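Peer 1: Protein chains in written order, with our numbering: chain A, 12 to 383; chain B, 12 to 383; chain C, 149 to 542; chain D, 149 to 542. Glycine included, every Cβ here is placed at the ideal spot set by N, Cα and C. What you are looking at is a predicted structure, and each value in this text was computed from that prediction instead of being measured.
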Amino acid sequence: MALVLTEEQNLLRDSARGFIADKAPVAHLRHLRDTRDATGFSRDLWREFADMGFAGVIAPEAQGGLGLGPVEAGVIMEEIGRNLTPSPFFATALVGASALKAAGGPRAEALLAKIASGDLLLALAVDEGAKHRPGAMTTQAQRSGNGFVLNGAKSFVVDGHAADLLLVAARLGDTVDVFMVDPKAAGVSVERTIMTDAHNAARVTLDNVALDADAALGAGERGAAILETALNVGRAGSAAELCGVGAEAFARTTAYLKERKQFGRLIGEFQALQHRAAHLYCELEIAQAVTLKALQALAAAPDKAGPLVSLAKARACAAADLAVREAVQMHGGIGMTDAVDIGLFMKRARVAQELFGDERFHADRLARLRGY
Amino acid sequence: MALVLTEEQNLLRDSARGFIADKAPVAHLRHLRDTRDATGFSRDLWREFADMGFAGVIAPEAQGGLGLGPVEAGVIMEEIGRNLTPSPFFATALVGASALKAAGGPRAEALLAKIASGDLLLALAVDEGAKHRPGAMTTQAQRSGNGFVLNGAKSFVVDGHAADLLLVAARLGDTVDVFMVDPKAAGVSVERTIMTDAHNAARVTLDNVALDADAALGAGERGAAILETALNVGRAGSAAELCGVGAEAFARTTAYLKERKQFGRLIGEFQALQHRAAHLYCELEIAQAVTLKALQALAAAPDKAGPLVSLAKARACAAADLAVREAVQMHGGIGMTDAVDIGLFMKRARVAQELFGDERFHADRLARLRGY
Amino acid sequence: MDQLDAFRAETRAWLEANCPAEMRKPFEDEEAERCWGGRNFKFFSEAQRVWLERMAARGWTAPDWPSDYGGGGLSKAQTIVLRQEMRALGCRSPLDSFGIWMLGPALLKYGSEAQKREHLPRIVRGEIRWCQGYSEPGAGSDLASLQTKAEDKGDHFLVNGQKVWTSYADKADWIFCLVRTDFQAKKHEGISFLLFDMTTPGVTTRPILLISGKSPFCETFFDDVKVPKDNLVGVENKGWEIAKYLLTHERDMIGGMGLVGGGRSLGEIAAQSIGLENGMLADPILRGDIARLEADTWAFQIAMERAGDLAKAKQAHPAYSSFLKYYGTELNKRRHELTMSALGADGLEWEGARSQDGEAARAWLRTKANSIEGGTSEVQLNIIAKRILDLPGA
Amino acid sequence: MDQLDAFRAETRAWLEANCPAEMRKPFEDEEAERCWGGRNFKFFSEAQRVWLERMAARGWTAPDWPSDYGGGGLSKAQTIVLRQEMRALGCRSPLDSFGIWMLGPALLKYGSEAQKREHLPRIVRGEIRWCQGYSEPGAGSDLASLQTKAEDKGDHFLVNGQKVWTSYADKADWIFCLVRTDFQAKKHEGISFLLFDMTTPGVTTRPILLISGKSPFCETFFDDVKVPKDNLVGVENKGWEIAKYLLTHERDMIGGMGLVGGGRSLGEIAAQSIGLENGMLADPILRGDIARLEADTWAFQIAMERAGDLAKAKQAHPAYSSFLKYYGTELNKRRHELTMSALGADGLEWEGARSQDGEAARAWLRTKANSIEGGTSEVQLNIIAKRILDLPGA
């Protein structure tokens, strides 16, 4: 498959680019932050996402979705990245929908239909400690009667405070599964955490939460595979977002290099800055390439895409990180002020890097896969 | 103690600098290499080293040495580094003499006297595999009658093929010791290995080599401490050599930047090269500082200097490595030719980095010492 | 040495007798508890007031300034002894002051006798708080391209323009300020160094919000501000020399930043946050990055020590501070990047008690200014390339 | 597609019938066994001679050249099919040739009809081996500042000067060469592109010894060399255009270097050399460095793939090859640095069977030229900054 967008994907990108830049530019994030918005995103905007079909980009056409795949979702994530748009798109339309699609069955289909119509928000709860280490998970589900009892504590749950339904990863015997948990159920407490980037996250505590038998997405068997798929789609989507964050920070920086004068010259004339900008350009091109490759691989065979997904997240993290660091340094003092947007890109890049594994996590994962 | 050379040390440096640059500049190495000299260094020159007192720099005055310490030996090593001089100084006057001095006793004193007079060459055999990993040593000494029997294979033994006496590190029960082995003894085979940098090394095989009871430098008790001291003095000395290699490669590079024209300008005018050169300057200054600090620490309390020695070797490796890489790149095509010296600095830096632990070995050692 | 020993004993006795117990404890809330003095300063405690008063009476808030101007009149060696003894007893600094750190040295070197007598004693006593008016929005690294205008109106200068990055301008009583007095001259040759009261009509300030949150920085606006001619320091149009003198001073101060922080090592922080596996940090690649950072930090500390020793031995290049400034600030940025990686998602919480209101994240973001303020890293590298390495070109 | 499928079947059948079994085996000693052709070439085996002869007869040594000039006359799609089928059968390249890779494309675009008829068929048949006379000792990255002089002497040019880095000049029959024909013009406007026989009186060559050992590179000297006017390609003083065309070609070829090597992965090499502990490489910091290099290498391979797809989709920037050249060569250098670290002291043996005469060390040293030859990394970064990012300045 050629590593360029198809004609249809290009059309989708143009539409997403125009729509998001128009409806939710960086000023939108600022407004939500400065008004201390309780939700942290705009429900009205999410309704418009649904009208555009974006909410259901992954949901099957039979459930009112667009029936598209990871590549198309990645196209939208990249535009979200360019505009730092706080949106349920990641947790609900991408990760949540992927988990449900992987699970299948009538219940999942009903939920996918509600996602597509913009009437259901999801949040996947995986992380527990400071870092993303799903292998070290301790949240425990125990069989109890016909159902389960859940205990544990989750952190960095994106959109956790706004979700209508939590998808909680937990150990079940010697495997893991993903459990649908009503955030209003007894024993569940959700605390919104205000994050550095003014995007949404929450901590979730589960204290003897009683669940029905059908709460386990993988029916106790396919849970690990469902979780892995959801995480991988999320990682690749996060890589796409980071590509957008990095590309936009870079575009603003090169524009600044062409307008700011120091010592009687445009600072873009200084060769030391030119070489750093040129190197950064290369890193961003590579991140774009591997992210598209990973999204295509997920579309083709999600169970085999793991290594490519790790590669994409690792490279996108590194490229975006370099992009925002160079952006702030090259902007000089004004880049340090809250009044200029560049700092917001740095904040978002940092948080998105931690999401579902940073550059080191994924480089380490690749090394382990290769046996060293 | 101030981190500058004392007046006496400065005098020693001036004398070593003049002497070595005069008697053994890079052309000396070239001559030995191109004539495929069987020894790999000049015995005549070593005689002059002894006359200057350098061979006995560490040996006590009572044994005809200068009775000086690691700082003064480091001063000489740095000049050796600047001139890429192949010399028994490292293996004999620095490492070997330090081991003997740490061991003490009449036999060691007699040997130190012969070192000082230039009549004895030593070689310390530690490494066994590709990398310096003394903790993974397998060469074994077994008690046998009054003495020992030695079995094992050593590699990267500096001056092993020219040494009159080998100092072989080996396990003895649950400790280690350093054994004096006559290279002509039955069961010992020595193979010179021609190295990339045209400096000396050898592989040594020990096949049921019978040794007297007094062959163990540490008498079965202090062997580990003696080995550690010899290695640490060697590491700090190697760091000093790398400082010299890096400083000289850098000096030749900045000189070239000031004379080579491209596109109608001196290449030293290009800001991208200026910034890289300025950064490299900083790295070299830091390497100089930590190397002097480590040498001073070894002089003050050798048993406590380990962490500083690791720091010095790590930083000197990194700085010299960057210096030679930048040197070749900034010299362009002519830097790739054997006719120009720069490539010889790159070769020597690579070999000296591997000697007694590279940057990663020592950074790892520091992390372990700090418990993470 | 006997005299110095006697001074040491005497000093210790005096400190023990005069430093209130409360002033010997580590800060609990550093920002709130530091003493900056000035007209509007509210002492945090009576002990803080007493401590300043007693130290100022001896001139020990500026121990090495001449006693004629209220300073302590101590020799360099005595000043070091005083600092050592204060550290030994855990005494807090009685007064933090840009007047002592920056303006004072400039006035001592370039000020008139009248200016010294007017300003220095008040600085020593913490009566007047100063701020520094150097940077301007359009100037940045090219500080000398400043545009704030001071017109000669006979008995006064009329100042119009804008400064930025003026630390604590909203809290300061007076400002020392670079202005352009000759627009025809080359850019380094039309600059003058003025002092004026921040309550002069036409001076306004506005705090700057940084990406890390609240900051001491302000924008400062001058609208027809009348400054008496007597308030010119040194020679008209020769202010750049004074500015350069102070910039080198500042660079020395900032160079040490790679060391600031103290407390737990990054390795410990990471081990606690992430945990160990087989005795090694459970995030193996981060472990390598931290090991290198810690080695580099320790090495840089030693290089700083050597820089001091080289200076004492008169072997240091005059531009050596550019190396320390560049390397120290880049190292500090790297340290905070790795700290954020070690803390992971926990370190990204921006509000709330768990993260102490995002302390780590705000500190991380704040470090991004290290390599911009006080001369950018790029400017330092230019200085090293040209002044130390003698590379050719503009 | 049916036509292409038919071509594929036909091609495979022909290859199976005509490619000698010996020519389908991997090289044992690549340097000795490659076929370069030329007047003085000694075939390594009869099979090698037959294979070249058969392929040349079909024009398949230059499959996409017009059959009028001895080429295969294949379409792009057919050329790809031919390569695929050769790879599938493991066929060796019948002919390695700077004539095919470099001069041919230039002659097809810029040569006269007579030049094409004279030179191209002989290149296809491997009868004439060419070398490239571009670089000069004083020029380096500033290729256009070349000083080799060609004076117009009526019916011939008189060439005097020196070239350097002329690959295989000592083995080549003819040279294509940049010379200065106008010393008054701007440096890019006085250059011409000449062809001449290396046996012409006044041509001498001297091999260059590299830090990695023996090399294909030579210095080439011209002392009153007479070159017939007919041997000028294109227009006098417009040779720079041809040179640039070929340089872009070269850059594309070199960009793929990060991928060359194949064989064992660096992780495997390190695991074998150093061993594992708890399932991880026993040198933990090296492990992290290798993990990153392997990720970067894989990522770069994908970026290369995308570059091809972008080109096909006509979305690639014309200077995109500078990105690939810069990044690929820097990556390759880094890979070899890490390979040397993985091999440790064993990899540093320069002679002897154990290290295959220092194979790894020589390869490591050889990679240092990657970022110099074919346009230095600095030149590529300049190109990216100016042509792709449109940054201002000289």
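(1) Could you list which residues in chain C have their beta carbon closer than 7 Å to that of B:THR375, in chain order?
(2) Counting C-beta neighbours from all protein chains within 10 Å, is the total for D:ASN379 16 or more, i.e. buried, or is it exposed?
(3) CB C:LEU230 to CB C:TRP199, shorter than 9 Å?
(4) Could you name the residues of chain C that D:PRO432 contacts, counting a contact when the two beta carbons are closer than 8 Å?
(5) So for D:SER470, helix, strand or coil by DSSP?
(6) Could you check what DSSP says for C:PHE324 in three-state terms: helix, strand or coil?
(7) For a contact defined as C-beta to C-beta under 8 Å, what are the partners of B:HIS286 on chain G?
(8) Contact criterion: CB-CB distance below 9 Å. Does B:MET148 meet it with respect to chain D?
(9) Note down, in chain order, every chain C residue with its Cβ under 7 Å from the Cβ of B:GLU385.
(10) Are D:ILE276 and D:LEU513 close, meaning C-beta to C-beta below 9 Å?
(11) Would you grab the beta carbon distance between B:ALA305 and B:ALA378 for me? Rounded to a whole angstrom, and I think it's under 8 Å.
(12) Run through chain D and tell me which residues come within less than 7 Å of B:VAL339, C-beta to C-beta.
(13) Looking at the C-beta of B:GLU6, does it have a partner C-beta in chain D at a distance below 9 Å?
(14) Less than 8 Å between the CB of D:GLU158 and some heavy atom of the ligand PLP, yes or no?
(15) Here's the rule: buried if 16 or more other CB atoms are within 10 angstroms of the residue's CB, otherwise exposed. What is B:SER200?
(16) Would you say B:ALA289 lies against chain C (beta-carbon separation less than 9 Å)?
(17) Using a Cβ cut-off of 7 Å, pull out every chain B residue sitting near C:GLU485, in sequence order please.
(18) Are the segment 285-295 of chain C and the segment 236-247 of chain C touching, with three or more C-beta to C-beta distances below 8 Å?
(19) If contacts are defined as beta-carbon pairs under 8 Å, then B:GLY234 and B:VAL189 qualify, I think. What distance do you get, rounded to the angstrom?
(20) For the segment 363-378 of chain B and the segment 314-328 of chain B, state whether three or more C-beta atom pairs, one from each stretch, are separated by less than 8 Å.
(21) My parser needs the alpha helix (DSSP H) runs of 4 or more residues fully inside the segment 289-361 of chain A; what are they?
(22) I'd like to know if A:LEU322 contacts chain D, where contact means its C-beta is closer than 9 Å to some C-beta of that chain.
(23) With DSSP as the reference, label A:ALA152 as helix, strand or coil.
(24) Let me confirm a value: A:PRO81 is counted as buried when at least 16 other C-beta atoms fall within 10 Å, else exposed. Which label applies?
(25) Can you grab the Cα-Cα spacing for the pair A:VAL220 / A:ALA136, in whole Å?
(26) Does D:THR352 have its Cβ less than 9 Å from a Cβ in chain B?
(27) Quick check: B:SER128 and B:ALA35, are their CB atoms within less than 9 Å of each other?
(28) By DSSP, does D:CYS239 sit in helix, in strand, or in coil?
(29) Would you mind giving the Cβ-Cβ distance between B:GLU337 and B:ARG287, rounded to the nearest angstrom? I have them listed as a contact below 8 Å.
(30) With DSSP as the reference, please indicate the residues paired to D:PRO376 in a beta bridge.
(31) Mind pulling the chain C residues with CB within less than 8 Å of B:THR17?
(32) Using DSSP with H/G/I as helix, E/B as strand and the rest coil, what is C:GLY492?
(33) Report the rounded CA-to-CA distance for D:GLY409 versus D:PHE331, giving the unit in angstroms.
(34) Which same chain residues end up closer than 7 Å to C:GLY404 when comparing Cβ atoms and leaving out the 5 residues on each side of it in sequence?
(35) Please determine if the segment 18-37 of chain B and the segment 291-310 of chain A are in contact, where contact requires at least 3 C-beta pairs separated by less than 8 Å.
(36) Does the segment 131-147 of chain B come within contact of the segment 489-498 of chain D, defined as at least 3 CB pairs closer than 8 Å?
Peer 2: Result, derived from the coordinates:
(1) For the record, residue 375 of chain B in the displayed sequence is Asp; it is not Thr. Here the neighbours are ALA439.
(2) buried
(3) no
(4) MET428, PRO432, ARG435 and GLY436
(5) helix
(6) strand
(7) Protein chains A, B, C and D are contained in the structure displayed, whereas chain G is not.
(8) no
(9) As shown, chain B starts at 12 and ends at 383. That puts residue 385 of chain B outside it, with no answer to give.
(10) no
(11) Contact doesn't hold; Cβ gap of about 18 Å is too wide.
(12) LYS516
(13) What is shown of chain B runs 12 to 383, which leaves residue 6 of chain B out entirely.
(14) This structure lacks the ligand PLP; in fact it carries no ligand of any kind.
(15) exposed
(16) yes
(17) Here the premise fails: no neighbours, minimum Cβ distance about 18 Å.
(18) no
(19) 6 Å
(20) yes
(21) 317-342
(22) yes
(23) strand
(24) buried
(25) 15 Å
(26) no
(27) no
(28) coil
(29) 6 Å
(30) D:HIS304
(31) Here the premise fails: no neighbours, minimum Cβ distance about 10 Å.
(32) helix
(33) A caution first: D:GLY409 carries a pLDDT of 44, below 50, which makes its placement in the model too unreliable to give a value.
(34) Because the pLDDT at C:GLY404 is just 47, under 50, the model does not fix this residue reliably, and the value given afterwards should be weighed accordingly. Around C:GLY404: MET452 and GLY476.
(35) no
(36) yes
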